[in-house]
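Working notes, structure below.
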Amino acid sequence: MTRVRLGVLVSGTGTILEALLDEGLPVVVVVADRPCRGLEIAADRHVAGVLVDRQGFGGFGDAFERDAFTRGVVEVLDDHDVDLVVMAGFGTVLSQPAHDTYGGRILNTHPALLPAFPGWHAVEDALAAGATVTGCTVHLATVDMDAGPILAQEEVAVRPDDTAATLHERIKEVERRLYPATIRKVIAAGVGPEGRDR
Ligand code: GRF
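Numbers in our numbering are just positions in the sequence shown, counted from 1, shifted up by 3.
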């Protein structure tokens with residue numbers, strides 16, 4: 004069997020990326036939408052790292068050119084012959100051009116039990132709602148944020164003295180285990196080069 008090639012998308016501290024690399028998953032490129040530690044991890048681990056900077060596409064306000072940015076990301080993934088796209092703390096919702104090329108082959112991990120608490124502030128929202136249990140969800144990404152088919156979930160108990168930071172860290176401990184395990188299952192189920200639509 005030809006080796007499956009993963010492209011990992013990051014925006015932040017990249018601890019989940021580190022977990023994927025520690026697990027020996029075949030990451031061939033790391034793509035970031037802003038300068039971030041994730042790119043430094045890629046360099047340290049001798050994995051190709053590419054910055055597709057949102058600032059070059061209108062930044063973070065109304066002027067953001069989402070389709071053009073998405074095409075820029077897809078171009079990098081194509082250049083590296085990626086089979087499976089893995090979002091690991093990626094702060095941009097990719098638009099239709101990504102799904103035209105990689106539909107059904109884009110994974111995400113989210114720090115809540117979807118469909119509860121979608122969006123960028125899932126941990127804060129769970130705390131504010133007084134949830135006693137939250138967790139994380141690995142799912143297929145679609146054009147609608149945090150709404151794609153769920154592949155795996157695991158609960159994390161909320162402690163009375165939790166802050167967003169302490170709760171998020173405990174959720175991430177689970178994500179660092181659940182995400183690589185779920186990616187392995189997806190690969191075993193047959194996502195691979197034969198799935199490429201080009
Ligand atoms: C994770 O909790 C992920 O679910 C969320 O961002 C966090 C990424 O953490 N989307 P890190 O940057 O890998 O440490």
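C-beta atoms are modelled at their ideal positions from N, C-alpha and C, and glycine is treated no differently.
Query raised in the report: Count the other CB atoms within 10 Å of the CB of residue 114; is the residue buried (16 or more) or exposed (fewer)?
Result: Around the CB of residue 114, 16 or more other CB atoms lie within 10 Å, so the residue is classed as buried.
Query raised in the report: residue 86 and residue 194: beta carbons closer than 8 angstroms?
Result: yes
Query raised in the report: How is the beta strand (DSSP E) around residue 113 delimited, first residue to last?
Result: 109-113
Query raised in the report: Apart from the five residues on each side of it in sequence, which residues of its chain come closer than 6 angstroms, Cβ to Cβ, to residue 128?
Result: 120
Query - Helix, strand or coil at residue 49 [DSSP, three-state] - result: In the structure shown, residue 49 sits in coil (DSSP, three-state: anything other than H, G, I, E or B).
Report task. Can you give me the Cβ contacts of residue 105 inside the same chain, cut-off strictly under 6 angstroms, excluding the 5 residues immediately before and after it? Result -> 88
Query - Sequence ranges, alpha helix (DSSP H) only - wholly within the stretch 90-174, length at least 4 - result: 99-105, 125-131
Query raised in the report: If you draw a straight line from the alpha carbon of residue 77 to that of residue 189, how long is it in whole angstroms?
Result: 21 angstroms
Query raised in the report: Does the stretch 24-43 come within contact of the stretch 51-59, defined as at least 3 CB pairs closer than 8 angstroms?
Result: yes
Report task. Please classify residue 183: is it buried, with 16 or more other beta-carbons within 10 angstroms of its beta-carbon, or exposed? Result -> buried
Requested in this report: Output the distance between the C-alpha atoms of residue 192 and residue 103, rounded to the nearest integer angstrom.
Outcome: Approximately 21 angstroms between the Cα atoms of the pair.
Query raised in the report: Looking only at DSSP bridge pairs, what is residue 54 linked to?
Result: 35
Query raised in the report: Sorry if obvious, but does the Cβ on residue 107 come closer than 7 angstroms to a heavy atom of the ligand GRF?
Result: no
**Report entry** Limits of the alpha helix (DSSP H) - the one that residue 10 falls within
**Finding:** Counting along the chain, no alpha helix (DSSP H) covers residue 10; the unbroken beta strand (DSSP E) around it starts and ends at 9-13.
Query raised in the report: Should residue 171 be counted as a contact of the ligand GRF given a C-beta to heavy atom distance under 7 angstroms?
Result: yes
Query raised in the report: Going by C-alpha distance, which of 17, 27, 61 is nearest residue 42?
Result: 17
Query raised in the report: Beta carbon of residue 183: closer than 7 angstroms to some heavy atom of the ligand GRF?
Result: no
Query raised in the report: Alpha carbon to alpha carbon, what distance is there between residue 21 and residue 61?
Result: 29 angstroms
**Report entry** Limits of the alpha helix (DSSP H) - the one that residue 25 falls within
**Finding:** That run of the alpha helix (DSSP H) goes 18-25.
Requested in this report: Would you tell me roughly how many angstroms separate the C-alpha atoms of residue 173 and residue 118, rounded to the nearest one?
Outcome: 20 angstroms
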